[in-house]
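Student:
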Amino acid sequence: MSGAVLEIDAVTKRFGGLVAVDALTLEVREREALGIVGPNGAGKTALINIISGFYRADGGAIRFRGHDITRLKLHQIGRLGIARTFQNIRVFRRMTVLENVMAANPRHAARPLRSFFVAGAAQADVDEAMALLEFMGLAERADQLAGALPYGDARRLEMARALAGKPKLLLLDEPSAGMNEEETARLIADIGKCRARLDGIVLIEHDMTMIREVADRVVAMDYGKKMAEGTPEAVLNDPHVRRAYLGLMESDVAAAHP
Amino acid sequence: MLAEQLINGLVLGAMYALIAIGYSLVFGVLDKLTFAHSEIFMFGGYVGVATVALGLPIWWAIPAVILVAGCLGLMVEFVSFRKFTTPDGHITAALSSFAIGIVLIDLTQKIWGTDPVDLGIPRSFYTASVAMWGIRLAYIKLAIFGVTLAIMVGLQLMIMKSRIGRNIRAVAESTVSATLLGIDVKRVTQQTFFIASALAGIAGLMLAMRGGFADSNVGLSFALKALAIMAIGGMGDVRGAMVGGLVIGMLEALAFQFDLGKLSEVLVWALMIAVLLVRPTGLLGRALAREVRA
Amino acid sequence: MTAEYAFLTGINILLAWSVYIILLSGTLSFANGAFMAIGGYVAGIVTVKFGLPLAAGLAAAALAAAVVGLLAGYPALRTRGIYLMLVTVGLAFMVESGVQNISYIGGVKGMGGMQGTTIYHIYGAVLVVGLALWKLTRSPLQRLLDAVREDELVAGALGVNVVYLRLALFCFGAALAAFAGGLYSHHMFFIAPDHFTVIVSVFVVLYVIMGGVNNMWGPVLGATVLTLLPEAFRVVGAWRQTVFGLAIALLLLFRREGLMPFRMASVRRARRS
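Residue numbers (the numbering used here), protein chains in the order written: chain V, 1 to 258; chain A, 1001 to 1294; chain G, 2001 to 2273.
(1) Indicate the three-state DSSP secondary structure (helix, strand or coil) for G43(V) in the structure shown.
(2) Could you tell me the boundaries of the alpha helix (DSSP H) in which D173(V) lies?
(3) With a cut-off of 8 Å, do at least 3 Cβ pairs link the segment 8-24 of chain V to the segment 179-199 of chain V?
(4) For a contact defined as C-beta to C-beta under 7 Å, what are the partners of R2143(G) on chain V?
(5) Output needed in chain order: residues of the segment 2063-2088 of chain G with a Cβ under 8 Å from some Cβ in chain V.
(6) Quick check on DSSP: helix, strand or coil for H2186(G)?
(7) Measure the C-alpha to C-alpha separation of V2087(G) and R141(V) and round it to an integer number of angstroms.
(8) Hey, out of V2048(G), L2145(G), S2103(G), R2138(G), whose CA is closest to L2024(G)'s CA?
(9) Run through DSSP, which three-state label would L1033(A) get?
(10) Residues of chain G with a CB under 7 Å from the CB of P1280(A): which are they?
(11) Note down the Cα distance separating L2091(G) from S2103(G), rounded to an integer number of angstroms.
(12) Whole angstroms are fine: how far does the CA of Y1016(A) sit from the CA of I2191(G)?
(13) How many whole angstroms separate the CB atoms of D207(V) and T184(V), which I take to be in contact at a CB cut-off of 8 Å?
(14) Of all the residues that make up the segment 165-183 of chain V, which are near chain G by a beta-carbon distance shorter than 7 Å?
(15) Whose Cβ in chain A lies nearer than 7 Å to the Cβ of M2094(G)?
(16) For V202(V), go through chain G and note every residue whose CB falls closer than 8 Å to its CB, in chain order.
(17) In this structure, what does DSSP give as the bridge partners for D2151(G)?
(18) On a Cα-Cα basis, can you pick out the residue from A2238(G), V2220(G), V2202(G), R2240(G) that is closest to T1092(A)?
(19) Let me check one thing: in DSSP terms, what residues is I2191(G) bridge-paired to?
(20) What first and last residue would you give for the beta strand (DSSP E) that runs through K225(V)?
(21) Would you say V2202(G) reaches chain A, if we count a Cβ-Cβ gap shorter than 7 Å as a contact?
(22) Enumerate in chain order the residues of its own chain whose CB-to-CB distance from E30(V) is below 8 Å, with the five nearest sequence positions on each side excluded.
(23) What distance in whole Å lies between the Cβ atoms of I48(V) and I204(V), which are believed to be in contact at a cut-off of 8 Å?
(24) Could you name the residues of the segment 1087-1112 of chain A whose beta carbon sits closer than 9 Å to any beta carbon of chain G, in the order they occur along the chain?
(25) Below 8 Å on the Cβ atoms is my guess for F1194(A) versus G1073(A); work out the distance and round it to an integer in Å.
(26) Looking only at its own chain, which residues have a Cβ that is under 6 Å from the Cβ of I2022(G), when we skip the five neighbours before and after it?
(27) Would you report the Cα separation of L2070(G) and R242(V), rounded to the nearest angstrom?
(28) Please compile the residues from chain A whose C-beta is within a distance smaller than 7 Å of the C-beta of A2249(G).
(29) Would DSSP call E259(V) helix, strand or coil?
(30) Have a look at A104(V), T209(V), R114(V), R93(V) and flag the residue whose alpha-carbon is nearest the alpha-carbon of D153(V).
(31) At which residues does the beta strand (DSSP E) containing R14(V) begin and terminate?
(32) Taking contact to mean 3 or more Cβ pairs, one atom from each stretch, closer than 8 Å, check whether the segment 1107-1123 of chain A and the segment 1231-1238 of chain A are in contact.
(33) Check the DSSP bridge columns for V218(V) and list the partner residues they point to.
(34) Which whole runs of the alpha helix (DSSP H) in the segment 2021-2061 of chain G are 4 residues long or more, in chain order?
(35) For I2102(G), go through chain A and note every residue whose CB falls closer than 8 Å to its CB, in chain order.
(36) Note down, in chain order, every chain A residue with its Cβ under 8 Å from the Cβ of T2227(G).
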């Protein structure tokens, strides 16, 4: 399993009596987009939370390019180059779009007190942030309040902000939730654009179109365990996976494409 | 004498417990702290002064203080708590109730002056004592302990058995679920404040009766400790408040016995801080799962 | 308005700013009166008992408070919300009690002999701190703090060590409050524990909240108005506590923007290319 960008090694997470993640082992390979599918409650978001440092694993280990990050703190993991987005979009609502991205400037985030001595609107910082906004198509909205953004733009802002730290690994948690076909297509294109800058992507999704278009490999989870692993076609046609999703698939697709 | 100090400790603890229960009830129902509580306690003593000044027997002050303190509590709920329902509403409520508290102190001092005021009851009232098992037990201390014990037992019964008690417990558990069950949360909140404040008022009256005088400073110097006690015993946990009050009262009396009295003040707060750091919900409260490692 | 009122206003501005600095990272401290006490006494010890100049006293005061802030803050800032509020209140009580019981500094009766502060010292300090805060507002640090206040977990995920930041600001605020305390004690010549009760800590918070928390001038406004109003109007002065209390309760009831309104965007002005 060496040479992988991210290794999840028998990771377990319990909440009281409930096992959210059950001795899960998987890896994210160099330059790949790994899709994670599974019914609600399968442990997908819990897994993302563990990787990104929001939860602490109860067992097992996580290695990022060989570096053991299991016990690292939230901000340490962020600085190492793992970035994420959230299921329920969490932009800084009362700050402008530009400020959202500038706040994520890794030089300042890592040395906050030192940033006191820097000019607040240093041209270099502004240019860097604007470049990211242009990349994600948000340049016109730079001075708008993030809280006023339409859904799709807010999602893009989250991604731009996540990219500001020049991460190596990007974790996307159901980015297409609540989007229609057109927005989803745009999202697929955006993720495609980002791939060039990243060493790996983990994509949690219910939308099978996105999985098919974006993911190189897919892992299916249920009850915190790995149900199946392989190419998108293989996994999505796997009988166990279909059974877990039975009844969910149609309504899921319908909900994802209103 | 050790035995006498222990009795003092029980009496002291009983008063702490009554005040702490009040904090607990309000926190349980609203998840907020009331900083007017300590001043309602303080005012209880002055209700006693007023009762005697009107020529009535001192024991009439008990129903009087229940009414007066209870109503003050209702007023505090309306001004300082009703409107502040946002996530950081607990700070606004704390500051607002603190503001009401200092108004109460000022008004009290304007009416009765800043020095302690004699209750106006004959000295024999609190010096009369009985000898039992080789120690002198002042009647007044027995009476105070008896009254507070009866109140605590009554309160436990009420919380466990009566409809009001059940409603309070339901709202304390979950406001949303309680509403779904058809409970009028606003009403229950008012009832909780009335009860909590009445308890504080009674405790204040008891303190005044123990010493023979009412003092406008006791809110800050005495009652606020009960807040620390509640935090130690369990935020929002009535049993924790009761047990915590009695234990801390005893420990404080013991500290005075061994001439460490001044230390006890610092220690109670230090203990509270220690408990809050390790187990924020208090010793008897349910542990919250705090997941983030930040 | 006499020099005495000007002096007190200056001190209260510094104190209000000390709370504001801590509030920038989302922490409300009810212990700054205690830090002021530490400052007043430590500075007094250095100048009176050891005969050193005022500057040394003030430096020692700030340092002592920063150390206490570090020791108390490190565990305390792991708690949030109501628990944090209680911990800072507890800290205030502990310092008050402690100071009452240390006979080296006079216990309940207090300590005297401090002198040397002039109005220029006070307003010189106000100017310096004001400039520093103004610089802060125009720096990336302000954005980081806003992000932490908006969503501390997301800020953490972006690489901000939130606990460290909170602790640093807590220590700065403590040091500033202590500095103000040192200036205070060397003007008053005499201080006693009852100058620094928990009520003082709460009042200082009120200056900030009443004046407005979303920029650095709010605390100045709050401190100035709430210091001068009772002094200017005799009637208000005699009933100061009641008037204050009612004003606070009413204002909190009718404030629509809530307790911690957000600073509005400032980067946009400099930006447009």
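Glycine included, each C-beta is placed from N, C-alpha and C at the ideal position.
Tutor: Based on what the coordinates show:
(1) Translated into the one-based positions of the first sequence, residue 43(V) becomes position 43. Of the three classes helix, strand and coil, the one that applies to G43(V) here is coil, per DSSP.
(2) Position 173 of the first sequence, counting from 1, holds the residue named residue 173(V). D173(V) -> not in any alpha helix (DSSP H); beta strand (DSSP E) instead, spanning 169-173.
(3) no
(4) Position 143 of the third sequence, counting from 1, holds the residue named residue 2143(G). Here the neighbours are E99, M102, A103.
(5) none
(6) Translated into positions along the third sequence, residue 2186(G) becomes position 186. H2186(G): helix per DSSP, three-state reduction.
(7) Along the third sequence, one-based indexing puts residue 2087(G) at 87. Along the first sequence, one-based indexing puts residue 141(V) at 141. Near 42 Å, if we compare the C-alpha coordinates of R141(V) and V2087(G).
(8) For this step, residue 2024(G) is matched to residue 24 along the third sequence. Per the Cα distances, L2145(G).
(9) In the second sequence, the residue the question calls residue 1033(A) occupies position 33. Coil at L1033(A), not helix or strand.
(10) One-based indexing of the second sequence puts residue 1280(A) at position 280. Within chain G, the residues near P1280(A) are T2079, Y2083.
(11) Walking along the third sequence from the start, residue 2091(G) turns up at place 91. Walking along the third sequence from the start, residue 2103(G) turns up at place 103. Spanning the two alpha carbons is a distance of roughly 20 Å.
(12) Walking along the third sequence from the start, residue 2191(G) turns up at place 191. Walking along the second sequence from the start, residue 1016(A) turns up at place 16. Taking the straight line joining both Cα atoms gives about 32 Å.
(13) As a first step, residue 207(V) is located in the first sequence; it is residue number 207 there, counting from the start. As a first step, residue 184(V) is located in the first sequence; it is residue number 184 there, counting from the start. With a Cβ gap of about 6 Å, D207(V) and T184(V) count as contacting.
(14) G165
(15) For the purposes of this step, residue 2094(G) is taken as the residue at position 94 of the third sequence. Going along chain A in sequence order, the residues near M2094(G) (Cβ under 7 Å) are V1266, W1269, A1270.
(16) As a first step, residue 202(V) is located in the first sequence; it is residue number 202 there, counting from the start. The premise fails here: V202(V) is roughly 15 Å from chain G at the closest Cβ pair, so nothing lies under 8 Å.
(17) Taking the first residue of the third sequence as position 1, residue 2151(G) is located at position 151. Its beta-bridge partners do not exist; DSSP assigns none.
(18) Residue numbering aside, residue 1092(A) sits at position 92 when the second sequence is read from its first letter. Measuring from the Cα of T1092(A), the nearest candidate turns out to be V2202(G).
(19) Here the question's residue 2191(G) lines up with position 191 in the third sequence. The partner list for I2191(G) (beta bridge, DSSP) reads M2111(G).
(20) Here residue 225(V) corresponds to residue number 225 of the first sequence, with the count starting at 1. Residues 225-230.
(21) In the third sequence, residue 2202(G) corresponds to position 202, counting from 1. Yes, contact with chain A.
(22) By 1-based counting over the first sequence, the position of residue 30(V) is 30. Closer than 8 Å at Cβ, skipping near neighbours: G3, A4, V5, D199, G200.
(23) Translated into the one-based positions of the first sequence, residue 204(V) becomes position 204. Translated into the one-based positions of the first sequence, residue 48(V) becomes position 48. Between I48(V) and I204(V) the Cβ distance is about 6 Å, and since that is below 8 Å, they are a contact.
(24) P1087, D1088, G1089, H1090, I1091, T1092, A1093, A1094, L1095, S1096, S1097, F1098, A1099, I1100, G1101, I1102, V1103, L1104, I1105, D1106, L1107, Q1109, K1110
(25) Start at 1 with the first residue of the second sequence, and residue 1194(A) comes out as number 194. Start at 1 with the first residue of the second sequence, and residue 1073(A) comes out as number 73. Right, their Cβ atoms sit about 5 Å apart.
(26) As a working note, residue 2022(G) is residue 22 in the third sequence. Hits under 6 Å: S2029, L2169, F2170, G2173.
(27) The residue you call residue 2070(G) lines up with position 70 of the third sequence. The residue you call residue 242(V) lines up with position 242 of the first sequence. Going from the Cα of L2070(G) to the Cα of R242(V) covers about 56 Å.
(28) The residue given as residue 2249(G) occupies position 249 in the third sequence. The contacting residues are V1079, S1080, S1096, A1099, I1100.
(29) Residue 259(V) falls outside the range modelled here, since chain V spans only 1 to 258, and no answer is possible.
(30) Numbered from its first residue, the first sequence carries residue 153(V) at position 153. The shortest C-alpha separation from D153(V) is found at R93(V).
(31) Residue numbering aside, residue 14(V) sits at position 14 when the first sequence is read from its first letter. Segment 6-15, the beta strand (DSSP E) holding R14(V).
(32) no
(33) Taking the first residue of the first sequence as 1, we reach residue 218(V) at position 218. Partner(s): G35(V), G230(V).
(34) 2032-2044
(35) Counting from 1 along the third sequence, the entry for residue 2102(G) is found at position 102. Within 8 Å Cβ-Cβ: nothing; I2102(G) doesn't reach chain A, min ~10 Å.
(36) Residue numbering aside, residue 2227(G) sits at position 227 when the third sequence is read from its first letter. In chain order: nothing, as chain A lies at least about 17 Å away.
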